[in-house]
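S.K.: Counting with the working numbering, you get residues 225 to 365 for the letters of the sequence shown.
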Amino acid sequence: RTLGAQVDGAIMTIVGTVTGLGWGAFGLWLSTVTSTARLDYGAILAIFLFVWVFAIACIRSYYIRTYQLVICAGISISYTCLADVAGPSVSWYKLLNYLIPWALGQAIALGICVLVVPDAGARPLAVALHQAFAVMLVSRK
């Protein structure tokens with residue numbers, strides 16, 4: 225990939241993952257904040273999951289470039305609202321179990337793109353244009 229595409233992808237996936245985890249954490253907190261909410265925590269989490277999936281589906285259908293953002297937001301909200309939710313309390317540690325490997329993967333991919341195979345993206349086009357202008361200058365003389 226080009227460097228710009230990798231940075232753009234990293235930003236989109238960061239925004240998607242952070243918003244998905246944030247919305248899911250808010251849903252987890254809201255589903256356990258009172259004893260009444262704890263009785264129906266599954267319904268509250270299902271509503272949070274439905275609203276978020278509906279919102280990201282609408283965003284994805286309108287803005288074509290948000291694919292990476294929407295995929296990461298969907299995976300993170302699914303993990304947050306569906307994994308390890310049984311029991312009387314929330315395991316907040318599960319957010320770190322998701323976030324740490326994901327951040328390492330982002331850092332490795334971005335590091336390889338920047339350090340090992342840096343590609344500015346427009347070099348072949350710039351070389352072709354330079355050669356075309358050189359041919360025009362030679363033919364003008």
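Every residue, glycine too, gets a C-beta built ideally from N, C-alpha and C. Bear in mind the structure is a predicted one, so any value in this text is a computation, not a measurement.
For the stretch 245–253 against the stretch 294–310, are there 3 or more C-beta pairs whose distance is under 8 Å?
M.R.: yes
S.K.: Suppose you measure from the CA of M360 to the CA of D232; what does that come to, to the nearest Å?
M.R.: 36 Å
S.K.: Which two residues bound the contiguous alpha helix (DSSP H) that contains I288?
M.R.: Run containing I288: none; DSSP gives neither H nor E here.
S.K.: Going along the chain, which unbroken runs of the beta strand (DSSP E) with 3 or more residues stay wholly within the stretch 287–349?
M.R.: Fully enclosed beta strand (DSSP E) runs of 3 or longer: not present.
S.K.: By the DSSP assignment, the alpha helix (DSSP H) with V242 in it spans what residues?
M.R.: 227–256
S.K.: Sorted by chain position, which residues of the same chain lie with C-beta nearer than 6 Å to L293's C-beta, five sequence neighbours on each side aside?
M.R.: Excluding five sequence positions before and after L293, the CB atoms of its chain that fall closer than 6 Å to its own CB belong to M236, V239, G240, given in chain order.
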